[in-house]
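Scroll down for the structure; my scribbles are underneath it.
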Amino acid sequence: MIVAHIAFGHGLNHHGSQWPSIWRLSMFGQKGKGSEMLVHRRWDSLGSADLGWLRAKHHFAVSADDNPEHGALDPLIVWNDDEIAVGGGFPMHGHRDVEIITYVRQGVVGHCDTLGSEGTINAGDVQVMSAGTGIRHSEFNKSDVPLKLYQIWLLPRVAGGAPRWDTKPFPRNDRSGRFVVLASGFPEDEGALPIRADARLLCATLKAGESIRQDLSSSSCAYLTVASGRIEINGESMGSLDGAAITQVQAVDITALEDSELVMVDTGKV
1 MIVAHIAFGH
11 GLNHHGSQWP
21 SIWRLSMFGQ
31 KGKGSEMLVH
41 RRWDSLGSAD
51 LGWLRAKHHF
61 AVSADDNPEH
71 GALDPLIVWN
81 DDEIAVGGGF
91 PMHGHRDVEI
101 ITYVRQGVVG
111 HCDTLGSEGT
121 INAGDVQVMS
131 AGTGIRHSEF
141 NKSDVPLKLY
151 QIWLLPRVAG
161 GAPRWDTKPF
171 PRNDRSGRFV
181 VLASGFPEDE
191 GALPIRADAR
201 LLCATLKAGE
211 SIRQDLSSSS
221 CAYLTVASGR
231 IEINGESMGS
241 LDGAAITQVQ
251 AVDITALEDS
261 ELVMVDTGKV
């Protein structure tokens, strides 16, 4: 989605390639034993960029100035928390060989691309784009409030393929008290937007005091963010907009300390 943003001018090029340092997994704030690990990435420890019309936090290191301990979780290579001013946005620019998921937390995104696709994505909804052999697109804030979104990049299962774009509304009420899969590269996740990566995007909303347990694949990894609220996950307290890198953990037990919205990418089959 970004052409001028520092996160995409450094460390990642338009072909989706990355610096070797991106792959390192931090040991900072780890919770667990043996090979199991939950690494808390606090909001104030994340790399950032401020272009005036765009303010961004980088959950994964995508610039030389970012926290080098915040490595990627293959195939998950970028997770940016972007805030775009009213009237601001990214003009037409290109990508290839990367899967891009946009989760809108506040406001409305206006999308258009060289496939002829046009659409608006509202808060709580998702758009997916498989860049494939190449696509150009633009994304702008079409609302009268600052646009807040997560921009998530994954390496595709196989390079190439025809580019594609899609979006779908996902009512937030449908994910109350449980995780719901919104986008997925696994065929068993019926109803989810399709992507070409071994991963799924899940979202949940919890009321204060509510608890859930989510099974994960112990042979893969996941990344969870607190889009709003505060939670406790496997004994670790997380604040609003914090993230957690989760590796080789069979399940996470989450309790909402206040009304919360959670967004997670899981890279394996359960």
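According to the UniProt record's numbering, the stretch in the sequence shown is residues 1 to 270, in order.
Cβ coordinates follow ideal geometry from the N, Cα and C atoms, glycine included.
| Query | Result |
| --- | --- |
| Could you tell me the alpha carbon to alpha carbon distance between residue 144 and residue 50, rounded to whole angstroms? | 20 Å |
| Quick check on this structure: which residue in 95, 44, 146 and 123 has the alpha carbon closest to the alpha carbon of residue 88? | 146 |
| Assign residue 67 to one of three DSSP states: helix, strand, or coil. | coil |
| Helix or strand or just coil, what does DSSP make of residue 215? | strand |
| What are the residues that DSSP puts in a beta bridge with residue 194? | 184 |
| On the three-state DSSP scale, how would you describe residue 267? | coil |
| Judging by CA-CA distance, which residue of 45, 163 and 60 is the nearest neighbour of residue 95? | 163 |
| Taking Cβ positions, are residue 126 and residue 64 nearer each other than 8 Å? | no |
| Is it right to say residue 133 is buried, meaning 16 or more other beta carbons lie within 10 angstroms of its own, or is it exposed? | exposed |
| Quick check: the Cα distance between residue 99 and residue 228, rounded to an integer number of angstroms? | 25 Å |
| In the DSSP assignment, find the unbroken beta strand (DSSP E) run with residue 297 in it and report its ends. | Lying before the first or after the last residue shown, residue 297 is absent from the chain, which here runs from 1 to 270. |
| Compute the Euclidean distance between the alpha carbons of residue 267 and residue 249, then round it to the nearest angstrom. | 12 Å |
| What would DSSP say about residue 259, mapped onto helix, strand or coil? | coil |
| Determine the closest residue to residue 230 out of 209, 81, 123 and 216, with distance taken between C-alpha atoms. | 209 |
| Identify which residue in 254, 246, 241 and 237 has its Cα closest to the Cα of residue 37. | 246 |
| What's the gap between the Cα of residue 71 and the Cα of residue 118? | 34 Å |
| Our contact map puts residue 212 next to residue 178 with C-beta atoms below 8 Å; I'd like the distance itself, whole angstroms only. | 6 Å |
| In whole angstroms, what separates the C-alpha of residue 67 from that of residue 79? | 13 Å |
| Let me know if residue 181 comes out buried or exposed under the rule of 16 or more other beta-carbons within 10 Å of its beta-carbon. | buried |
| Tell me which residues share the same chain as residue 28 and place their Cβ nearer than 7 Å to its Cβ, disregarding the 5 neighbours each side in the sequence. | Summary for residue 28: the model assigns pLDDT 31, below 50, so the residue's position carries little reliability, and this model does not support an answer. |
| What are the partner residues of residue 119, as DSSP defines its beta bridges? | 111 |
| If you follow the beta strand (DSSP E) that residue 91 is part of, which residue opens it and which one closes it? | 89–95 |
| Which residue marks the beginning of the beta strand (DSSP E) containing residue 165, and which one marks its end? | 164–168 |
| Check for me: the beta strand (DSSP E) holding residue 247 runs from which residue to which? | 243–247 |
| Taking residue 141 as part of the beta strand (DSSP E), name the residues at either end of that continuous run. | 135–141 |
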